[in-house]
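Structure first, commentary second.
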Amino acid sequence: MVRLNAQLLATIFVAGATLATAWYFIRTPPPAQAEPRDAVRIALPMHPTSLIAHVALERGFFAANGLDVSVKEYPSGKIALDKGLFAGQADIAWSNETPVALAGFERADFRIVSTTLSANNVNMIIARRDRGIERPEDLRGKRIATQKGSAVHFFLHLFLLEHEMTEKDVRISFLKAEELPAALASGAVDAFSMRAPYISQARALLGEDQSIVFRAPEIYDQMDLMLIRLDLFEMNPRVARKAVRAMLDAENYIAAHPEETTVYLARQLKIDPGEVEEILHDLRPNVSLSQSLLVLLEAEARWAIRTGMTDRKKVPDYLNLIDVDDLKSLKPEVVTIIR
Numbered sequence: 307m308v309r310l311n312a313q314l315l316a317t318i319f320v321a322g323a324t325l326a327t328a329w330y331f332i333r334t335p336p337p338a339q340a341e342p343r344d345a346v347r348i349a350l351p352m353h354p355t356s357l358i359a360h361v362a363l364e365r366g367f368f369a370a371n372g373l374d375v376s377v378k379e380y381p382s383g384k385i386a387l388d389k390g391l392f393a394g395q396a397d398i399a400w401s402n403e404t405p406v407a408l409a410g411f412e413r414a415d416f417r418i419v420s421t422t423l424s425a426n427n428v429n430m431i432i433a434r435r436d437r438g439i440e441r442p443e444d445l446r447g448k449r450i451a452t453q454k455g456s457a458v459h460f461f462l463h464l465f466l467l468e469h470e471m472t473e474k475d476v477r478i479s480f481l482k483a484e485e486l487p488a489a490l491a492s493g494a495v496d497a498f499s500m501r502a503p504y505i506s507q508a509r510a511l512l513g514e515d516q517s518i519v520f521r522a523p524e525i526y527d528q529m530d531l532m533l534i535r536l537d538l539f540e541m542n543p544r545v546a547r548k549a550v551r552a553m554l555d556a557e558n559y560i561a562a563h564p565e566e567t568t569v570y571l572a573r574q575l576k577i578d579p580g581e582v583e584e585i586l587h588d589l590r591p592n593v594s595l596s597q598s599l600l601v602l603l604e605a606e607a608r609w610a611i612r613t614g615m616t617d618r619k620k621v622p623d624y625l626n627l628i629d630v631d632d633l634k635s636l637k638p639e640v641v642t643i644i645r
């Protein structure tokens, strides 16, 4: 009788344990599967306003967020768009907003997924003193070069207005960004509108005492944007989300490590660290999507229509080119675009 009770108790115990185990596995969800990694090609502009993208690459934030990136470098954001993203050579690119505003007249095969930075004192005009240029007003009638359809082109327009001139009061020519320093040094142009590192390159070629640099803080608050190919955005939405997470990680790193950021950017762009420190003072890393972006895109579209840069007469609907969902899901408070 004792043996029977012992056997019965053992059977009940085993059955209970089996049921408990089964119940645990029924009630407990399986562990989350690791998100698949994605290979993407990025078009990286070699200038300071693409700071967040550079830091994300250097610190491994793309990889940490599941993106295996291959990188192609470009002299400017405009070229990163034209020769990279729009030419099918890149999946993600960074650019200031001016080329994006102009692209909106002709194409809709991309999406803006975030602003990454804003700045109001990075564009400059450098001029030759031996051409009698000492003040902004002395630019009247002079030959001024810039990169067409870019932030420095729009800056030149605003700079002239600030000093009671228009494009008709000067002789504007268009060159590639990397051609500008040599053009000024050779005397082919009297001045050009650009930013680092091309301003310092021109001063080195010409001699600092032979050049003068004009700044105009506050007249133009430009933005740097991250864009993704529309077909990839629609086919694999997680890529945009991963890229936005990498931007947010880089933004946090820059805020916490300004000295390391200065050293890295100086090395990457081949600029003196002192100059980089000055540049960074004027840059505001800012992963967001604000109403001011929409206002700026529309203002630049009206400028393009007014100056004949496009034969279109209607401002594009830029809201259709902006995706707010990924950033809103990660940091909703920085998305203020009104749809």
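Heads up, the sequence shown is in this note's numbering, so the first residue is 307 and it goes up one at a time. Note that the Cβ used here is the ideal one computed from N, Cα and C, for glycine as well.
Per the coordinates, the alpha-carbon of T452 lies some 34 Å from the alpha-carbon of F367.
By the 16-neighbour rule on beta-carbons within 10 angstroms, Q507 is buried. In this structure, K378 sits near L350, with a CB-CB distance shorter than 8 Å.
Secondary structure of K474 (DSSP, three-state): helix. Under the three-state reduction of DSSP, I432 is assigned to strand. D344: member of the beta strand (DSSP E) spanning D344 to P351, first to last residue. Following the DSSP letters along the chain, one finds F539 inside the alpha helix (DSSP H) bounded by residues L536 to M541. Taking the C-beta atoms as reference points, L627 is found no nearer than 8 Å to L357. Excluding five sequence positions before and after V375, the CB atoms of its chain that fall closer than 6 Å to its own CB belong to V346, I348 and F368, given in chain order. Contact between L391 and R521 is absent: CB atoms are separated by about 30 Å, not below the 8 Å threshold. DSSP, reduced to helix, strand and coil, places K378 within a strand of the structure shown. Counted as a single uninterrupted DSSP element, the stretch harbouring R612 is not any beta strand (DSSP E) but the alpha helix (DSSP H) occupying residues Q597 to R612. With fewer than 16 other beta carbons inside 10 angstroms of its own, E470 counts as exposed. Using a Cβ-Cβ distance cut-off of 8 Å, the stretch 483-503 and the stretch 542-549 are not in contact, since fewer than three pairs of beta carbons, one from each stretch, lie closer than that value.
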